[in-house]
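**Student:** Numbering (the UniProt record's numbering), first residue to last: 1 to 632. Ideal placement from N, C-alpha and C gives every residue a C-beta, glycine not left out. Structure incoming, see below.
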Amino acid sequence: MAGSTNVEELRSAAEALRQQANAAFRAHNVSAAEALYSEALDKLRLAAPPAPTASSAVGTSDAKKPAENGTATAAAAAGGTTNGSGVPPAPGAVATGATASGDDAPAEDDDDTVSTASSVSETHMPSDDESVPPPVAIAGVVNEHTGNGSLGELANGHTDQIEDADASAAAAALAKVLVKEVQSAMAVLLSNRALMRLRLEQYGAAETDASEAIGRDPRYVKAYYRRASASFALGHYRPALKDLKLVTRLVPSDQDAAAKLKECSRRAKEAAFSAAIDSATPASKPLSETFDVNDLVVEETYDGPRLGPDGAVDASFVASLISRFRSQKHLHARYAAQIILAARRLLVAELNIVTLRVDGTRPKVTVCGDTHGQFYDLLHIFELNGVPSAENPYLFNGDFVDRGSFSVEVIMTLLAYKVACPESMHLTRGNHETLSMNSVYGFQGEVKAKYSETLFKLFTETFRAMPLAYILDGTAVESGRRALVLHGGLFSKDGVTLADLQALNRDREPDSGLMAEMLWSDPQKERGWGPSKRGIGVAFGPDVTARFLDANNLALVVRSHEMKEEGYEAEAGGRLITIFSAPNYCDVQGNKGAFITFKSEMEPEFTQFSAVPHPNVRPMAYARDAALMGLL
């Protein structure tokens with residue numbers, strides 16, 4: 001740990017960065033806030049000893065088996081103790097009289113006991129509409145006797161600890177106090193950064209931050225809450241339950257925390273029941289193979305586009321459909337189901353990796369990245385680049401739904417084009433074409449609001465039928481190249497071949513393995529591999545990219561999955577391109593969107609565009625569970 005003078009300087013620098021981070025968060029610039037919190041933490045790490053180890057899930061300990069409610073071992077794992085009821089000292093509980101507008105670092109009594117707050121808000125638990133993390137005193141020490149003070153004032157505030165002691169004992173006592181205060185400050189910053197990472201869908205990194213915060217200050221409640229939110233987002237309901245049980249036991253009067261616990265418990269029971277059913281019963285036919293659209297009666301009052309008895313979709317129908325969607329009216333459920341089922345039949349027949357030749361018969365292909373329910377921006381792409389047709393084909397690279405509140409309109413438009421002219425529209429599956437993401441980030445809620453749970457199940461089965469990747473093949477010309485297009489990224493090991501990927505069973509919801517990595521992985525600047533910030537997949541370096549491409553006779557890989565300020569980014573020596581087509585993402589990011597045009601030479605041509613106005617429906621309007629768990 002640095003000397004006291006350096007500690008003061010480091011804490012002051014970290015405090016300035018924290019204030020900048022809070023300002024960035026107020027301005028909805030989550031990426032900038034995350035980077036600034038990271039800088040502040042880098043400063044404090046120079047002033048702090050290594051963090052004690054905190055378990056990655058409450059209730060896990062090498063010393064003893066978990067208690068039934070997970071609370072006793074939470075204290076043991078985080079370095080705390082329990083009281084007579086088996087509950088650890090209140091993590092983050094504030095001293096009597098503290099309020100939510102006070103400092104985020106908990107005030108402590110001299111005997112290291114704390115009073116129990118009467119509500120989560122008193123321990124600065126975030127509400128669903130939390131605008132900015134509460135401030136933390138980093139430049140000075142938070143102490144109920146001294147307030148925010150310099151190091152000299154700190155010593156005066158702890159005279160009861162160093163009075164009548166020799167100089168070395170006084171220095172040791174002061175150092176001990178400094179360590180405790182730096183650890184508490186770091187716990188707050190880590191928890192705040194975890195919130196940013198939750199908003200950025202970096203669930204694995206958020207979970208790691210929250211666990212480190214618990215290790216540094218096991219009495220800081222918000223860290224347990226953040227970790228529960230990250231676990232919930234990853235579908236890890238049992239560890240999330242343990243953290244939430246701890247929070248609600250410590251702050252039993254807080255209704256918001258109780259609601260989170262109730263929802264997490266419901267999800268855990270559903271997951272356990274589903275797993276039991278899957279293991280105990282033989283596989284049944286999917287709904288899409290038994291559903292009868294004739295059960296859906298079209299009312300005489302319906303005034304929208306209709307399909308004939310043969311269910312044929314043509315360009316005229318798609319134009320009428322888009323016009324109806326633009327005016328915020330719905331397609332009748334019967335016709336929606338017909339299109340979904342027809343699209344699924346086409347998608348099921350395709351390979352995991354579809355090869356699309358770019359040559360004289362198909363002079364160009366346009367590749368778009370994430371659209372995330374931003375329907376009016378999707379229409380703007382067609383205005384800029386022409387509507388899909390056999391002569392003007394599109395490849396949309398996953399993440400059509402979630403977050404944006406016009407996800408039904410986006411996916412129905414894409415599927416309608418696919419059915420009307422299969423050669424005009426090509427689709428790959430993204431990580432948001434999965435049940436776990438749809439149930440949290442809005443698509444399930446939107447479909448149920450606009451149609452029904454039955455249609456949502458049809459969408460889910462259609463997503464599972466989508467190809468995982470495309471190869472754009474321009475080798476018909478002498479200088480032509482081949483590009484692999486997939487949503488997420490590459491793999492956690494060398495030696496993966498295209499044949500390996502063709503052999504995968506894609507009709508599933510993966511959380512690990514090659515298919516999960518195709519949907520979830522991200523590139524990194526460093527060579528080799530690193531842990532995924534998202535908690536699924538892997539981070540892979542430019543050398544990994546080069547080896548994979550060379551081994552599979554490919555020139556470049558095109559992926560999406562990450563928001564880019566300019567709408568696209570080329571890295572790995574130009575051999576990896578990220579394309580993102582949702583401008584002003586979630587109405588707050590201010591980024592541009594982009595798409596790529598490939599012609600037979602397979603040289604990427606980028607077109608950038610800005611967001612266009614849309615009706616006054618906020619993003620994530622249907623994402624009740626995401627709001628409940630603090631993920632937005």
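Would you list the residues sitting across from Asp370 in a DSSP beta bridge?
**Tutor:** DSSP output for Asp370 lists Phe580 as bridge partner(s).
**Student:** Pull up the CB-CB distance for Ser265 and Leu241, whole angstroms please, since I reckon it's below 8 Å.
**Tutor:** 6 Å
**Student:** Within the continuous beta strand (DSSP E) that includes Ile596, where are the two ends?
**Tutor:** Gly593 to Lys599
**Student:** Could you give the distance in angstroms between the alpha-carbon of His380 and the alpha-carbon of Phe325?
**Tutor:** 14 Å
**Student:** Roughly how many angstroms separate the alpha carbons of Leu415 and Val401, rounded to a whole number?
**Tutor:** 13 Å
**Student:** Have a look at Tyr585, Pro393, Glu433 and Glu263 and flag the residue whose alpha-carbon is nearest the alpha-carbon of Pro613.
**Tutor:** Tyr585
**Student:** Taking the alpha-carbon of Val298 as reference, which of Ser323, Tyr335 and Lys222 has the nearest alpha-carbon?
**Tutor:** Here the closest residue by C-alpha is Tyr335.
**Student:** For Leu41, which residues from the same chain have a beta carbon less than 6 Å from its beta carbon, with the 5 sequence-adjacent residues on both sides left out?
**Tutor:** Cβ within range, chain order: Leu189.
**Student:** For the alpha helix (DSSP H) containing Met515, name the first residue and the last one.
**Tutor:** Looking at the DSSP string, the run of the alpha helix (DSSP H) that includes Met515 is Gly513 to Trp520.
**Student:** Quick one, are the C-beta atoms of Ala35 and Leu10 less than 7 Å apart?
**Tutor:** no
**Student:** Figure out for me which residue from Tyr37, Phe609 and His28 has the closest Cα to the Cα of Asn385.
**Tutor:** Phe609
**Student:** If you run the structure through DSSP and keep just helix, strand and coil, what is Gln524?
**Tutor:** coil
**Student:** Put His426 into one of helix, strand or coil per three-state DSSP.
**Tutor:** strand
**Student:** Can you tell me whether Tyr585 is helix, strand or coil according to DSSP?
**Tutor:** DSSP, read as helix, strand or coil, puts Tyr585 in helix.
**Student:** Check whether the region 525-543 touches the region 452-463, taking contact to mean three or more Cβ pairs, one atom from each stretch, closer than 8 Å.
**Tutor:** no
**Student:** Short of 6 Å in beta carbon distance, which residues of its chain neighbour Ala13, apart from the five on each side in sequence? Order them along the chain.
**Tutor:** In chain order, Lys43 place their CB closer than 6 Å to the CB of Ala13, counting only its own chain and leaving out the 5 sequence neighbours on each side.
**Student:** Exposed or buried, which one is Trp520 when buried takes at least 16 other CB atoms within 10 Å?
**Tutor:** buried
**Student:** Starting from the C-beta of Asp399, find all residues in its chain whose C-beta is less than 6 Å away, skip the five residues before and the five after it, and write them out in chain order.
**Tutor:** Asp370, His372, Gly430 and His432
**Student:** Could you check which residue in Met620, Glu601 and Ala570 has the C-alpha nearest to that of Val588?
**Tutor:** Of the listed residues, the one whose Cα sits closest to Val588 is Met620.
**Student:** Going by DSSP in three states, Asn262 sits in which element: helix, strand or coil?
**Tutor:** The residue you asked about is not Asn; residue 262 is Lys in the sequence shown. Lys262: helix per DSSP, three-state reduction.
**Student:** Whose CA, out of Lys599, Tyr237 and Ala546, lies closest to the CA of Gly573?
**Tutor:** Ala546
**Student:** What does the alpha-carbon distance come out to for the pair Ala185 and Glu201?
**Tutor:** 24 Å
**Student:** As an exercise, report each continuous alpha helix (DSSP H) stretch of at least 4 residues that is fully enclosed by the region 286-340, in chain order.
**Tutor:** 315-326
**Student:** With a threshold of 8 Å, are at least 3 pairs of Cβ atoms found where one atom belongs to the region 290-297 and the other to the region 343-351?
**Tutor:** By the C-beta criterion, the region 290-297 is judged not to be in contact with the region 343-351, since fewer than 3 inter-stretch pairs fall below 8 Å.
**Student:** Contact check, Pro542 vs Ile577 under 8 Å by CB: the rounded distance?
**Tutor:** With 8 Å as the limit, Pro542 and Ile577 do not qualify as a contact, their Cβ atoms being about 13 Å apart.
**Student:** Tell me whether Ser118 sits in a helix, a strand or coil according to DSSP, three-state version.
**Tutor:** Residue confidence for Ser118 is low, a pLDDT of 39 falling below 50, so the modelled location carries little weight and cannot support an answer.
**Student:** How about Arg481 and Met563: do their beta carbons lie closer than 7 Å?
**Tutor:** no
**Student:** Between Ala469 and Ile353, is the Cβ-Cβ spacing less than 7 Å?
**Tutor:** yes
**Student:** For Lys222 versus Ser191, is the C-beta spacing smaller than 7 Å?
**Tutor:** yes
**Student:** With 16 as the cutoff for other CB atoms within 10 Å, does His124 come out buried or exposed?
**Tutor:** Annotation note: pLDDT 39 at His124 (below 50); position unreliable, no value reported.
**Student:** Which value, in whole angstroms, describes the spacing of the CA atoms of Leu17 and Ala582?
**Tutor:** 30 Å
**Student:** Secondary structure at Tyr224, three-state DSSP: helix, strand or coil?
**Tutor:** helix
**Student:** Which partner residues does Pro531 have in the DSSP bridge list?
**Tutor:** Paired residues: Val538.
**Student:** Of the residues Val247, Ala275 and Val182, which one's Cα is nearest the Cα of Glu509?
**Tutor:** Ala275
**Student:** Suppose the cutoff is 6 Å on Cβ atoms and the five residues either side in sequence are ignored; what does the same chain contact list for Tyr376 look like?
**Tutor:** Val612 and His614
**Student:** I'd like the span of the alpha helix (DSSP H) that includes Ala210, first residue to last.
**Tutor:** Residues Tyr203 to Arg216.
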